[in-house]
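Sequential numbering of the sequence shown, starting at 1, is according to full-length UniProt numbering. Where is the CB? At the ideal position from N, CA and C, for every residue including glycine. Below is one structure, written out as structure tokens; comments come after it.
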Amino acid sequence: MVRIMPPKSYTFVPGDLEQNLDAVLEWLRNMGDRVRRTWASREGRTILALIALNGMVYLGWKSRPGGPPFMWRHFACSLESIYAGRTHTLLTSSISHMGFLHLLGNMFLLANFGLDVCKALGPSRFLTLYAGGAFLSSAVSLLYKRLRLSGAVSVGASGSVMAILVMFAMLFPKASLYVMGIKMTAKEACLLWVLFDVAGVVGRLGYIDFAAHLGGALFGYLYFSYIEERLREEMELRRRARRWGLGGRVTEGSSSGLLSRLDAVLEWLQRRRDPAQRRAAERMDEQTRSENSGSGGWLDWSHRGALSSKPSTGERSLPSQATGREAETPSLWQRLRRAWSSSSSSEGGK
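And the structure:
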């Protein structure tokens, strides 16, 4: 979303044409800078690359009246193409448009909803969503044509766009949208669109491939269900990274175990930087050892693993209870604490 700049930057004075013109030009410059920063990101470049690819294929269709035979063979999905072994048309048809309005509508939806989805998923997952939506939408479309004994040809990115719309509705269900002038949430708008496609399939309306839309919507829902837990973990990791001032860039596919490691290491660094907090952590360590000495319960490191789920409490390993392999191969956290202890003792000697 584009934020409005502070009012003091754009103050309009009645009758002062020069000042008003400067305010408008300043607003346009700031708006242009924000747009450039947005589309210069990895996510923005991914969307622009898809739009450019669709545009190039459209020009290929227009290179000859009626479309070149090459385009009909390799960029249009039909039962005939599959029977001929051209299974790649399941994907290539999703970047193929014969009509300009068809291209314009799909690219408009891709640019508006795809950017937010790409930022949430990351470019690689977004491309998986686009390709998966294309494949399943083409497969469902072919199945529907087989049942109807139809030889129709399908082109267009509508299946992939439908997968993106469903993913947007699942990620941002309460986002406000206007559909034909009516305000509704993204989840309501997506449900309305799916119902419209179902009605189109049942009623066999027009020349729109409603079955392909439903196939794309199905893939969007299934893919969200598959990556939902990982997305939650990564968003939690981003939140914790921002809390510690490390920024919000987190690689895709981060595991939940990385969360505890991040908290543990950052907590240790914070104690090293703040003497007061370090002394408080030492007192808490002593209290923890006195309360749990000899207990052998779940607070013991031999039962808890290498990292604590609550590193802020300042637990440390109990050397007297460590036996066998644990005493021979200290964990990362133990090595960090030993380094901290040796550093603290050297500081005291000075």
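List in chain order: all unbroken alpha helix (DSSP H) runs of 4+ residues lying wholly within the stretch 65-152.
-> 69-74, 79-83, 89-92, 100-121 and 123-148
Measuring CB to CB, does Y144 end up less than 7 Å from L103?
-> no
Can you give the beta carbon distance from G216 to A131, rounded, assuming they're within the 8 Å contact cut?
-> Not a contact, Cβ separation roughly 11 Å.
Between the CA atoms of T128 and A84 - distance to the nearest angstrom = 26 Å
Simplified DSSP state of K174, which is helix, strand or coil | coil
Of the residues F75, L147 and L50, which one's Cα is nearest the Cα of R204?
-> L147
If I'm right that G133 touches G220 with Cβ under 8 Å, what's the distance once you round it to whole angstroms?
-> 6 Å
Compare the beta carbon distance of A175 and A189 with 7 Å and say whether it is the shorter of the two.
-> no
Between V140 and the rest of its own chain, which residues show a CB-CB distance below 7 Å, the 5 nearest in sequence each way excluded?
-> A211, A212, L214 and G215
Span of the alpha helix (DSSP H), counted from its first residue to its last, around I208 | Here I208 belongs to no alpha helix (DSSP H), and DSSP marks it neither H nor E.
Length of the line joining the Cα atoms of G232 and R42 | As written in the sequence, residue 232 is Arg, which differs from the Gly given in the question. Whole-angstrom Cα-Cα distance: 21 Å.
Residues that DSSP places opposite M184 in a beta bridge | L177
C-beta contact flag for G32 and T38 at 7 Å = no
Quick one: what's got a C-beta closer than 7 Å to I208's C-beta in the same chain, skipping five residues either side?
-> G200
Tell me whether S154 sits in a helix, a strand or coil according to DSSP, three-state version.
-> strand
Same chain, Cβ closer than 7 Å to S93, five either side skipped, listed in chain order = F75, A76, C77, S138, S154 and V155
With C-beta atoms as the reference, is N106 less than 7 Å away from V161?
-> yes
Cβ-based burial, A157 [other Cβ within 10 Å; buried from 16] = buried
Using the beta-carbon count (16 or more within 10 Å), is M167 buried or exposed?
-> buried
Just confirm the distance between the C-beta atoms of V179 and L192, as a whole number of angstroms; I'd bet it's less than 8 Å.
-> 7 Å
Per-residue DSSP class, three states only, for A49 = helix
Straight-line Cα distance separating R86 from A169 | 34 Å
Given a cut-off of 7 Å, decide if L90 and F135 are closer than it, judged by their beta-carbon atoms.
-> yes
Inter-residue spacing [alpha-carbon to alpha-carbon] between K183 and P173 | 14 Å
With DSSP run on the structure shown, which of helix, strand or coil describes G169?
-> In the sequence on display, residue 169 carries Ala and not Gly. Note: A169 maps to helix in three-state DSSP.
In angstroms, rounded to a whole number, what distance separates the CA positions of W72 and S96?
-> 10 Å
Identify whether S63 lies in helix, strand or coil by the three-state DSSP scheme.
-> coil
Given a cut-off of 7 Å, decide if A120 and L165 are closer than it, judged by their beta-carbon atoms.
-> no
Where does S41 sit, in a helix, a strand or coil, going by DSSP?
-> coil
C-alpha gap between S81 and G151, whole angstroms | 10 Å
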